[in-house]
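Visitor: The opening position of the sequence shown corresponds to residue 5 in this note's numbering, with each subsequent residue numbered one higher.
Pasting a structure below so you can have a look.
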Amino acid sequence: MPTPELLFSVESLVNLSYIPHPFHVRPLNSDDYDKGFCQVLGQLSVVGDITKEEFQRRFRELQSVKDTYYIIVVENLTTKEIVGSGSLIIERKFLHHCGNVGHIEDIVVDSKYRGHNLGFIIMKQLNVLAHRKGVYKLLLDCSEKNVPFYEKCGYKTKELQMVQYFPENEKDRSRL
Numbered sequence: 005m006p007t008p009e010l011l012f013s014v015e016s017l018v019n020l021s022y023i024p025h026p027f028h029v030r031p032l033n034s035d036d037y038d039k040g041f042c043q044v045l046g047q048l049s050v051v052g053d054i055t056k057e058e059f060q061r062r063f064r065e066l067q068s069v070k071d072t073y074y075i076i077v078v079e080n081l082t083t084k085e086i087v088g089s090g091s092l093i094i095e096r097k098f099l100h101h102c103g104n105v106g107h108i109e110d111i112v113v114d115s116k117y118r119g120h121n122l123g124f125i126i127m128k129q130l131n132v133l134a135h136r137k138g139v140y141k142l143l144l145d146c147s148e149k150n151v152p153f154y155e156k157c158g159y160k161t162k163e164l165q166m167v168q169y170f171p172e173n174e175k176d177r178s179r180l
């Protein structure tokens, strides 16, 4: 069986020696569909019934956009399951002398594993990664109930988020 491909180089991550056993933090890899990645994301929002082929296609798409998508996972090494995940997306700007802004997205820990500090570990890893990649600020959106958690991670409330949805595009991915 071939070695799974990583979304990005593991060297980009910081060695966090305080990660409790049996957990391991690493980049998303091409085999994580079979380790329950989509099921864990489904505890955060609607994933849909994506097939392994769709997962692989999206994985390759994200991988091809260099220095932009950084999805990390927490794997339980005993059960070989994905139990948490978070994403850093780097946006290139003209503002701030062609600076880069980081967006934190899709922070989730499997409900069976909450209370092990894994969310904080995911955030710490993404914050360090963003700093190493030279972003001048990190942004994230969250529900009000999660504000205290993100404040413990060093974030502060600033301004307001607004959204507009296009329901007709929710399932029709043929235009992408």
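We put the CB at the ideal spot given by N, CA and C, even for glycine.
Tell me the DSSP secondary structure of Ser2 in three-state form.
Guide: Because residue 2 is not part of the residues shown, which for the chain are 5 to 180, the question remains open.
Visitor: Please tell me whether Val44 and Ile86 are closer than 8 Å, where the distance is taken between their beta carbons.
Guide: Yes.
Visitor: Is the region 47–65 touching the region 93–106, taking contact as three or more C-beta pairs under 8 Å?
Guide: The region 47–65, when compared against the region 93–106, does not touch it at the 8 Å Cβ threshold.
Visitor: In the DSSP assignment, what are the bridge partners of Arg96?
Guide: DSSP lists Asn104 as partners of Arg96.
Visitor: Determine whether the beta carbon atoms of Arg136 and Ser13 lie at a separation below 8 Å.
Guide: No.
Visitor: Less than 7 Å between C-beta atoms, sequence neighbours within five positions excluded: which residues of the same chain meet that for Gln47?
Guide: Same-chain partners within the cutoff: Val112, Asp114 and Ser115.
Visitor: Leaving aside the five residues before and after Ala202 along the sequence, list all residues of the same chain whose C-beta is less than 6 Å from its C-beta, in chain order.
Guide: Nothing about residue 202 can be read from this structure; the chain reaches only from 5 to 180.
Visitor: Assuming Asn33 and Glu9 are in contact, meaning their beta carbons sit under 8 Å apart, how far apart are those beta carbons, in whole angstroms?
Guide: Yes, they are in contact, since the Cβ atoms of Asn33 and Glu9 sit about 6 Å apart, within 8 Å.
Visitor: Kindly indicate which three-state DSSP category Val132 falls into: helix, strand or coil?
Guide: Note: Val132 maps to helix in three-state DSSP.
Visitor: Enumerate in chain order the residues of its own chain whose CB-to-CB distance from Cys146 is below 7 Å, with the five nearest sequence positions on each side excluded.
Guide: Closer than 7 Å at the Cβ level, and outside the excluded window around Cys146, lie Tyr154.
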